[in-house]
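Have a look at the structure below before the remarks.
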Amino acid sequence: MPKVVMYTTAICPYCLRAKALLNRKGVAFEELQIEGDRERMREMLQRSQRNTVPQIFIDDFHVGGYDDMAELDMLGKLDPLLGLAPRDESDIIT
1 MPKVVMYTTA
11 ICPYCLRAKA
21 LLNRKGVAFE
31 ELQIEGDRER
41 MREMLQRSQR
51 NTVPQIFIDD
61 FHVGGYDDMA
71 ELDMLGKLDP
81 LLGLAPRDES
91 DIIT
């Protein structure tokens with residue numbers, strides 16, 4: 001199963017939605033809260049090149065935020081990334 005990492009803050013509604021989506025799919029994830037942690041925030045900025053939360057990674061693939069993950073889910077491309085469905089060439093994200 002791929003490793004899922006999500007940078008979050010406690011009061012972010014999009015973070016809550018992202019966590020709920022992953023929980024519905026039964027996917028474990030590592031949550032890294034950035035509020036009050038400048039080093040963690042720098043890490044998130046360096047990895048994602050974005051300054052909003054959530055920032056979601058599946059292994060080394062940067063999904064983006066909640067909207068990006070929800071779009072992948074609607075297109076049927078999230079489950080293969082999460083190891084919940086077989087991957088084929090049409091699942092490759094460009």
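Per the UniProt record's numbering, the very first residue in the sequence shown carries number 1; after that it's consecutive. Built from N, CA and C at the ideal position, the CB exists for glycine as well. Predicted, not measured: the structure shown is a model, and the values here were computed from it.
With distance defined between alpha-carbon atoms, name the residue in the options nearest to residue i.
i: ASP73; options: GLY36, LYS25 and SER48; result: LYS25
i: GLY83; options: ASP59, LEU45, ASN51 and GLU71; result: ASP59
i: VAL4; options: GLN49, GLY76 and GLY64; result: GLY64
i: CYS15; options: GLN46, PRO54 and SER48; result: PRO54
i: PRO13; options: PRO86, ALA28, TYR66 and ALA85; result: TYR66
i: MET44; options: PRO80, THR9 and LEU81; result: THR9
DSSP has residue i in a bridge; who is on the other side?
i: GLY64; result: ILE56
i: GLN33; result: THR8
Just to confirm, are residue i and residue j a CB contact at a threshold of 9 angstroms?
i: MET6; j: GLU30; result: yes
i: MET69; j: ILE56; result: yes
i: LEU32; j: PHE61; result: no
Determine the burial state of residue i: buried for a count of at least 16 other Cβ atoms within 10 Å of its Cβ, exposed for fewer.
i: ALA18; result: buried
i: GLN34; result: In the sequence under discussion, the amino acid at residue 34 is Ile, which differs from the Gln named in the question. That one is buried.
i: residue 103; result: Since the displayed the chain opens at 1 and closes at 94, residue 103 lies outside it and no answer follows.
i: LEU78; result: buried
Could you check whether the Cβ of residue i sits closer than 9 angstroms to any Cβ belonging to chain D?
i: ARG38; result: Protein chains in the displayed structure number just one, and chain D is not present.
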